[in-house]
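Numbering (the numbering used here), first residue to last: 3 to 169. Glycine included, every Cβ here is placed at the ideal spot set by N, Cα and C.
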Amino acid sequence: DHGAPKIMNRKQLLERFVEHRHEIVVRRTRFDLEAAEAREHILEGLKIALDNLDEVIKTIRESADVERARSNLMDRFGLSELQAQAILDLRLHRLTGLEREKISGDLRELVAQIADLIDILGSKPRLFRIMRDELLAMKEEFGDKRRTTLEEGEIAQDIETLIQPED
């Protein structure tokens, strides 16, 4: 119980188990939310670059080195360092019209995913529904009949053979 051994009855065990599953779902959702927000931040920078492609290329060409190019992009377009680095890492084949649509589509999907994750964190019934669905999936995967049998009987070996000989 919270890192300490404790004798509990069934109700206490179930309560701790539900708390544990709740914490797992919340932590996983927060992690997914942070990752989605980070990806959204990068995609917004790429969208800015694609919308102002000629100016971005001109800014990069006029820069003496990578550091200067990054700082020029940050100053000129109001980008963060991560966004500017993502633009500098962008390969030329990603500048096609199809890739532009893909980036816009990814950005829309991420915005919807972020809204969904925020909704999950803000709604206890939804959290418990997710926990229930996961438990049902575990039951489906692992909930088969017992494979071992418990039988009463005599030990076939002599008890003295179980004792290891020592000096």
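Span of the alpha helix (DSSP H), counted from its first residue to its last, around residue i
i	result
His24	12-53
Ala139	126-144
DSSP three-state assignment for residue i, whether helix, strand or coil
i	result
Asp56	helix
Glu162	helix
Ala66	coil
Ile116	helix
Asp108	helix
Asp121	helix
Thr150	coil
Min CB distance residue i to chain D below 7 Å
i	result
Asn74	Any reference to chain D falls outside this structure, which holds one protein chain only.
Distance between beta carbons of residue j and residue i, contact taken as under 8 Å
i	j	result
Ala86	Leu97	Rounded, the Cβ-Cβ distance is 17 Å, inconsistent with contact.
Glu38	Leu119	In the sequence on display, residue 38 carries Ala and not Glu. Yes, Ala38 and Leu119 are in contact; Cβ-Cβ is about 7 Å, under 8 Å.
Leu112	Glu42	5 Å
Phe79	Asn54	7 Å
For the region 40-57 and the region 105-116, state whether three or more C-beta atom pairs, one from each stretch, are separated by less than 8 Å.
-> yes
Length-filtered (4 minimum) alpha helix (DSSP H) runs lying within the region 72-104 = 83-91
Does the count of Cβ pairs from the region 9-28 and the region 57-74 closer than 8 Å reach three?
-> no
Determine contact between the region 110-126 and the region 77-94, defined as no fewer than three beta-carbon pairs at a distance below 8 Å.
-> no
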